[in-house]
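As numbered in full-length UniProt numbering, residues 1 to 703 make up the sequence shown, in order.
Beta carbons: idealized from backbone N, C-alpha and C, even for Gly.
Have a look at the structure below before the remarks.
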Amino acid sequence: MNFLHKVSIKVLLVSWSLFAILALAIVSVVSVFSNEQLSRNTDVLINQVIPVEKANEASFAVVLKYLNRQSQLLIVEGADALAAIEDRTHLDREIQAPFDQIKIMLGEAGAQHSSALLQAYAQFIEADDDLLENTRSGLKLDQKTVVATGEIAQSIATLQSKAEAISGKVILSAKRTARAFRRDIEKVNDLNVMRDRSLLFLALDSSVVVKAAHSLKADLEALNAVAMRILLIENPDLLVGLRDNVVKQLFTNTRSELAVIESSEQRFAEEVAQQISGLEALESLISGPESLIALREAKLANLAARNAIHTRINESQSKILFALEQVSNFGGVIVNDAEAQSEATKQQNLFMQAFMGVAVVVVMLFMGAYIGRRINIPLEQLVGVMHRLSDGDLTQSIQQSKAQDEFGELIKEVHVTTDNLREMLRLVLDASGQISQASGSLAQTTKITNEGVQNQKKESELLATAMTEMAASVNEVASNASDTSQATQDASGKAEHGNLTVQETLEAMNLLSENIEKASEIVRHLERDTNKIGSVIDVIQGISEQTNLLALNAAIEAARAGESGRGFAVVADEVRALAKKTQDSTEEIQQVIGSIQSGTKSAVQAMEKSQQVGADCHDKAITAGNNLEEIVQQVDFINQRNLQIASSSEEQSSVTAEMHQNIVKINRIAEETAAASDTVEGNSDHLDVLARALKTILSRYKV
1 MNFLHKVSIK VLLVSWSLFA ILALAIVSVV SVFSNEQLSR NTDVLINQVI
51 PVEKANEASF AVVLKYLNRQ SQLLIVEGAD ALAAIEDRTH LDREIQAPFD
101 QIKIMLGEAG AQHSSALLQA YAQFIEADDD LLENTRSGLK LDQKTVVATG
151 EIAQSIATLQ SKAEAISGKV ILSAKRTARA FRRDIEKVND LNVMRDRSLL
201 FLALDSSVVV KAAHSLKADL EALNAVAMRI LLIENPDLLV GLRDNVVKQL
251 FTNTRSELAV IESSEQRFAE EVAQQISGLE ALESLISGPE SLIALREAKL
301 ANLAARNAIH TRINESQSKI LFALEQVSNF GGVIVNDAEA QSEATKQQNL
351 FMQAFMGVAV VVVMLFMGAY IGRRINIPLE QLVGVMHRLS DGDLTQSIQQ
401 SKAQDEFGEL IKEVHVTTDN LREMLRLVLD ASGQISQASG SLAQTTKITN
451 EGVQNQKKES ELLATAMTEM AASVNEVASN ASDTSQATQD ASGKAEHGNL
501 TVQETLEAMN LLSENIEKAS EIVRHLERDT NKIGSVIDVI QGISEQTNLL
551 ALNAAIEAAR AGESGRGFAV VADEVRALAK KTQDSTEEIQ QVIGSIQSGT
601 KSAVQAMEKS QQVGADCHDK AITAGNNLEE IVQQVDFINQ RNLQIASSSE
651 EQSSVTAEMH QNIVKINRIA EETAAASDTV EGNSDHLDVL ARALKTILSR
701 YKV
């Protein structure tokens, strides 16, 4: 295992990844093999089972069309309607394609099912042909029945009309004979005539003739009802009984009634003969060979044959449906075989995947644990170092790692970084000490300068007093020349001393001016930074205003949109509120930045003013030095021209007055220089405070 310490973590991770990729490749190969097997099973389903199912469904749909056509044949009315549906050529062509596809797809294995399907279809078509022929013959019988029914109705109507006429004549003749008989009885002249009239009256007045006339009409009505009843009979035996019993009896009764009417009076013979002829024609229409009864018998036979054909159609339909079901079941067997193969392939694939998964997990866990250990140990060391760094402890160095990997390099770099940081903190601490010392020196120098300025002020006051006294004693100059010479010598010494003081003041003021210049530069830099912040705040405020404007526009558009824009209006209000908060916050920040900028500008102006005051003090100190040099020169001139003092006393008086004014100016400049020195002293004290604070912060770190 030691050789693994020399292997980098990157190489270990790459090896880990390559092993995972190899395992995935093996699993992928197994999956591809399984998918190929599943694909072959799927091809069996797609190329064999599904086409068989589709052909089966198509065949079933065509069979339904056949059945629909047969249903229409059963209820068809008229030759035109039959002509519209009798052609089934398109159905034969439509069913042939799926049958051929089923035969091809089933092949030798399903030849028995395809043969059974074709046989059932042949029987179905045969029954369909018989149904078509039966429907045709039935329609012809219906047409003949309609014609025969019309003829029968017309014949019965004619017979009834003639029977009505005969019945009327018989009744009228009977009434006339009765009236003549009553007249003959009243006369009673001729007994033979009376006898003949009596016999005729008795014959005509007999109820048999009238009854025969009425029975004739009733029998004709019965024949009409029988003709209608024939069309309603569904049993052939009832039809035969009706013909042999009822119809024959009615025609016999009708002939008998006509015979009674004909025997009653010879004048009815012709009409009776016409009735008998019509009655024979009617009998032929009702019960003859081509009669209504024969047509009805043929129709009943046609209906019986249709029922038999319908039974055959149902049987062949059941056979076709059974054959189609067998074909579908055969497809199910193929599907089950394919599913069994797919399941076996799936189980094999799962076993291989489980085996490879366990192997991959074991190897990956081992490598992951080793790599994690290689990572965690140096990470714990680095975390400890970071904790010590966060606590400010830089005294301890990180332990060097023996591993020649990325974390070993990282530990080395952290070690170097810690050393560099420790050295940098030492330098910063030294620099902060130097800054503190420099600020102390600056404060001391400023104090010395302030003392020199105070001394200069005192000397200037003394000089002013002396010049006043000198101005008072100008009138005595002539008499006190020796005293004046001594006084001028003293004045020359003091002037030289004042000149030296002014030079020292100039040096202190130059140092003060440099410090003020540096402080001014720092404050200007701060002012530029605050100006930049102000420009950023302006940009943010502009964005806030634009956002507020957009939110207002969105609220207006949402108000225009009405109910559909209510949600958008809520969002616009939220955006506007957020923009308002942003704008308020921006204004507060801008006020704070403005206060900072105002303070910075005030500091800049104060520093510039201090710098200007320092420059003025510098110039005035130079002027004071020059004036002191002039004083020295004047004193020398006084010493040289002491003999001329008397004559020049007036001129000396004016010069003394001017000197007095210059001294007053020097005194004022000294006061201003003292104030500037106080300011510099305050700044140096502040710098000392900052240096001490920096040193306090750095003291947290142990180096």
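Remark: three or more beta-carbon pairs, one from each stretch, lie closer than 8 Å, so the segment 307-319 and the segment 122-135 are flagged as touching. When secondary structure is reduced to three states using DSSP, P51 falls in the helix class.
Remark: C-beta atoms of L292 and T145 approach each other more closely than 9 Å. For the 9 Å CB-CB criterion, S277 and K248 do not form a contact.
Between the segment 354-369 and the segment 158-168 there are fewer than three C-beta pairs closer than 8 Å, too few to call the two in contact. Taking the CA atoms as reference points, T149 sits about 10 Å from I230.
A straight-line Cα-Cα distance of about 23 Å links E521 and E672. The alpha-carbon of E94 is positioned some 53 Å away from that of D244.
Assigned with DSSP and collapsed to three states, D87 falls in coil, not helix or strand. Counting only runs that start and end inside the segment 234-283, there is no beta strand (DSSP E) element of at least 3 residues. Annotation for T465: no residue places its beta carbon closer than 8 Å to its own, counting only its chain and skipping 5 residues before and after. Look at V76 here: in three-state DSSP terms it is coil, with no helix or strand label.
C-alpha of H310 to C-alpha of E151: approximately 33 Å in a straight line.
In this structure, the beta-carbon distance from V76 to L117 does not fall below 9 Å.
A direct Cα-Cα distance of roughly 7 Å separates A555 from D573. Here the C-alpha atom of A301 lies approximately 36 Å from the C-alpha atom of S161. If you check the CB distance, E86 and L73 come in under 9 Å. Straight-line measurement puts the Cα of M105 at about 15 Å from the Cα of E325. Scanning its chain for C-beta atoms nearer than 7 Å, with the 5 sequence neighbours on each side dropped, one finds around S137 the residues N302, in chain order.
When secondary structure is reduced to three states using DSSP, P289 falls in the coil class, being assigned neither helix nor strand.
The residue among L250, A693, S15 and N553 with its C-alpha nearest the C-alpha of I156 is L250. Minimum Cα-Cα distance from A55 among the listed residues G372, P98 and L91 corresponds to P98. Between D688 and R576, the alpha-carbon positions lie close to 50 Å from each other.
Closest by C-alpha distance to E514, out of Q612, Q454 and D584, is Q612. Taking all protein chains shown into account, V147 has fewer than 16 neighbouring C-beta atoms within 10 Å of its C-beta and is therefore exposed. Residue environment analysis places L500 among the exposed positions, since fewer than 16 neighbouring C-beta atoms fall within 10 angstroms of its C-beta.
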